[in-house]
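Protein chains in written order, with my numbering: chain W, 54 to 165; chain U, 669 to 780. Single-structure report; data block below.
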Amino acid sequence: EAQVTQNPRYLITVTGKKLTVTCSQNMNHEYMSWYRQDPGLGLRQIYYSMNVEVTDKGDVPEGYKVSRKEKRNFPLILESPSPNQTSLYFCASSFWGQETQYFGPGTRLLVL
Amino acid sequence: GEDVEQSLFLSVREGDSSVINCTYTDSSSTYLYWYKQEPGAGLQLLTYIFSNMDMKQDQRLTVLLNKKDKHLSLRIADTQTGDSAIYFCAENGSGNTGKLIFGQGTTLQVKP
């Protein structure tokens, strides 16, 4: 089944404790990206990647890192999480230029 | 800049039609999308429309695009309780980044 998976789905952590949210897709998509969803703000792009080893900042990259060492995986790294990073995070992927992006199920993060 | 605006809440009775409205600012958008998010779930692509189209119909869903006014609407005919969700309007941003620009989301409440 074609899908985007994210792990974990739910995470509670404390300020400053490094964490990684994984994203994996099995559709051989070149393009992958991360969004965060906050009430009243919709979804905002954090980082995106057009292919392996090619990443760039989205609209709200502060406090986040990403890597793209393999085509299927695009982890989101929070080196020192803070409470303002409490949010719902979505990973998405597509073939470059394709009109449809596929979203993962979301990761709900609470930073205390 | 790029911006997408939606009203935050809509309440209808089961069996009525729902109309969710959206305005956007980027006239260079190629595609405009409607996503659905059910409680606790991820994003589901409902439908999308190419910018040179005025209307698209898919079963109970009708999308109308007024490019002159930069206005997009989603009409759901015979609204059911299972349609209760948050609906996001989105456009593909300019700048060749693959980014989707999302509205804040409209919560649709369907009363029995």
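Built from N, CA and C at the ideal position, the CB exists for glycine as well.
If you measure from the CB of residue i, is any heavy atom of the ligand ZN nearer than 6 Å?
i	result
W/THR66	This structure simply doesn't include the ligand ZN, nor any ligand for that matter.
Using a C-beta to C-beta distance shorter than 7 Å, which residues of chain U count as neighbours of residue i?
i	result
W/SER181	Any property of residue 181 of chain W remains undetermined from this structure, which presents chain W solely from 54 to 165.
W/GLN98	LYS767
State the DSSP-derived secondary structure class of residue i, mapped to helix, strand or coil.
i	result
U/ASP751	helix
U/GLN725	strand
W/GLN151	coil
W/ASN173	This structure does not reach residue 173 of chain W, given that chain W is present from 54 up to 165, and the question cannot be answered.
W/ASP112	coil
U/THR730	strand
W/GLY95	strand
W/SER102	strand
W/LYS71	coil
W/LEU165	coil
U/LYS735	coil
U/ASN764	coil
U/GLU673	strand
Please tell me whether residue i and residue j are closer than 7 Å, where the distance is taken between their beta carbons.
i	j	result
U/VAL672	U/ILE744	no
U/PHE756	U/GLY771	yes
W/VAL107	W/LYS124	no
U/SER741	U/GLN777	no
W/GLN98	W/TYR88	yes
W/LEU64	W/LEU131	no
Can you pull the chain W residues whose beta carbon is under 7 Å from the beta carbon of residue i, in chain order?
i	result
U/LEU713	THR153
U/GLN772	GLY93, LEU94, GLY95
Anything in chain U within Cβ reach of residue i, meaning under 8 Å, just list it in chain order.
i	result
W/PRO158	ALA709, GLY710
W/TYR142	Result: empty, since nearest Cβ-Cβ is about 11 Å, beyond 8 Å.
So residue i contacts chain W; which residues on that side make the cut at Cβ distance below 9 Å?
i	result
U/TYR755	In chain order: nothing, as chain W lies at least about 11 Å away.
Applying a beta-carbon distance threshold of less than 9 Å, which residues of chain U neighbour residue i?
i	result
W/TYR101	THR765, GLY766, LYS767
Residues of the region 757-769 of chain U in Cβ contact with chain W at a cutoff of 7 Å, in chain order, please. THR765, GLY766, LYS767, LEU768
task: Could you run through the region 675-692 of chain U and flag, in chain order, every residue whose CB is less than 8 Å away from some CB of chain W?
output: LEU676
Tell me which residues of the region 81-95 of chain W have at least one Cβ-Cβ distance to chain U shorter than 7 Å, keeping chain order. TYR84, SER86, GLY93, LEU94, GLY95
- In chain order, which continuous runs of the beta strand (DSSP E) of length 3 or greater are located wholly inside the region 117-153 of chain W? 129-131, 140-147
The region 106-124 of chain W: positions lying closer than 8 Å to chain U by Cβ
ASP109, GLY111, ASP112
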